[in-house]
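**Student:** Below: one structure in structure tokens.
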Amino acid sequence: MDHLSSYLVLSAILFSLGLYTVVTRRNAVAILMGVELILNAANINFVAFSKFVTHNLDGHLMSVFIIMLAAAEAAVALAIVLNLYNDRGHINVDEANALKQ
Amino acid sequence: MADFIFWIIWALIVASAALVAFGNNLIHSVFALMGTFLGVAGIYIFLNADFLAVTQIVVYVGGILVLLVFGIMLTNKISTAQISQSSVQKVLGLLVVLGIATIILTAVLPHDWVGATLPMAFTDTVTGIGTLLFTDYLILFEIASVLLLGALIGAATLARKEL
Numbered sequence: 002m003d004h005l006s007s008y009l010v011l012s013a014i015l016f017s018l019g020l021y022t023v024v025t026r027r028n029a030v031a032i033l034m035g036v037e038l039i040l041n042a043a044n045i046n047f048v049a050f051s052k053f054v055t056h057n058l059d060g061h062l063m064s065v066f067i068i069m070l071a072a073a074e075a076a077v078a079l080a081i082v083l084n085l086y087n088d089r090g091h092i093n094v095d096e097a098n099a100l101k102q
Numbered sequence: 002m003a004d005f006i007f008w009i010i011w012a013l014i015v016a017s018a019a020l021v022a023f024g025n026n027l028i029h030s031v032f033a034l035m036g037t038f039l040g041v042a043g044i045y046i047f048l049n050a051d052f053l054a055v056t057q058i059v060v061y062v063g064g065i066l067v068l069l070v071f072g073i074m075l076t077n078k079i080s081t082a083q084i085s086q087s088s089v090q091k092v093l094g095l096l097v098v099l100g101i102a103t104i105i106l107t108a109v110l111p112h113d114w115v116g117a118t119l120p121m122a123f124t125d126t127v128t129g130i131g132t133l134l135f136t137d138y139l140i141l142f143e144i145a146s147v148l149l150l151g152a153l154i155g156a157a158t159l160a161r162k163e164l
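The listed protein sequences correspond, in order, to chains Z and P. Using our numbering, read the first sequence as starting at 2 and increasing by one per residue. Using our numbering, read the second sequence as starting at 2 and increasing by one per residue.
Printed below as a string of structure tokens:
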């Protein structure tokens, strides 16, 4: 817990699992969950480097802005997903090639 | 003791994130995602980021996760109670992701991070974050407020019945 590597490895694993979720899932909401995993992995890196390397709060500020962006992104993406469902009756992204048909 | 708790949280994050990536039931994935978010909040506490840990719980667990659950309930017939989800191109995706993970780990692990042996002593971060937000990051802060307003209006507009 007192070494940077354990945090970086955790972040790499979290990023990989998020990326796997994004590239393999068919459900749009599941893909959103993968994006959140990726953003969390980036946040861990920012804060870990802030504690162990730069010794200031810039990394914390970046994480605050990333969390803010994640909230905005989730709201807009879910609105789009709801529209997709109203239009087609499912939200499988591999069959969605147009937002309106 | 703290070391033990750290590795428990570490394993919790990895296990729940794996359930998000590989689970077959969408509802199980969402609840596993809650485990990941709470675990990351614990990691923030180990990283002396008290403000971020609380923000993580409030925004992610209290906001985004609820939003995702709403998204699932509105796009599935919830009465079946078993909301299955499928994956496509598992082997190809696994190969790509393993390749990228290998690249990241070979970049990260052999490096002896300069200064990495000197973790910062704990100080409360709320004062510092507040000061930085209204000095060095003021423009970013204002842009963020406009972006949030735009996202609010955009989401409300998009989610209307008659677009």
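We treat Cβ as the ideally placed atom computed from N, Cα and C, and that holds for glycine.
(1) Specify, as a first and last residue, the run of the alpha helix (DSSP H) that Ser12/Z falls within.
(2) In three-state terms, what does DSSP make of Asn28/Z?
(3) Go ahead and label Gln86/P buried or exposed: buried means 16 or more other beta carbons lie within 10 angstroms of its beta carbon, across all protein chains shown.
(4) Does DSSP put Ser88/P in a helix, in a strand, or in coil?
(5) Could you check whether Ala97/Z and Leu79/Z sit closer than 9 Å to each other, using their CB atoms as the reference points?
(6) Let me make sure I understand the geometry here. Which of Arg89/Z, Leu62/Z, Ala76/Z and Ala72/Z has the alpha-carbon closest to that of Thr136/P?
(7) Got a sec: is the Cβ-Cβ distance from Val55/P to anything in chain Z below 9 Å?
(8) If we count Cβ pairs, one from each stretch, closer than 8 Å, do we get three or more for the segment 47 to 56 of chain Z versus the segment 47 to 61 of chain P?
(9) Going by beta-carbon coordinates alone, are Leu18/Z and Leu38/Z separated by less than 9 Å?
(10) Quick one, which residues of the segment 53 to 76 of chain Z are near chain P if we go by CB-CB under 9 Å, in chain order?
(11) Applying the criterion that 16 or more other CB atoms from any shown protein chain within 10 Å of the CB defines a buried residue, is Ile154/P buried or exposed?
(12) Alpha helix (DSSP H) containing Met35/P: first to last residue?
(13) Taking only beta carbons into account, state which residues of the segment 5 to 22 of chain P come closer than 7 Å to chain Z, listed in chain order.
**Tutor:** So, to answer that:
(1) Leu5 to Thr25
(2) strand
(3) buried
(4) strand
(5) no
(6) Leu62/Z
(7) no
(8) yes
(9) yes
(10) Phe53, Val54, Thr55, His56, Asn57, Leu58, Asp59, Gly60, His61, Leu62, Ser64, Val65, Phe66, Ile68, Met69, Leu70, Ala71, Ala72, Ala73, Glu74, Ala75 and Ala76
(11) exposed
(12) Leu27 to Phe47
(13) Phe7, Trp11, Ile14, Val15, Ala18, Ala19, Val21 and Ala22
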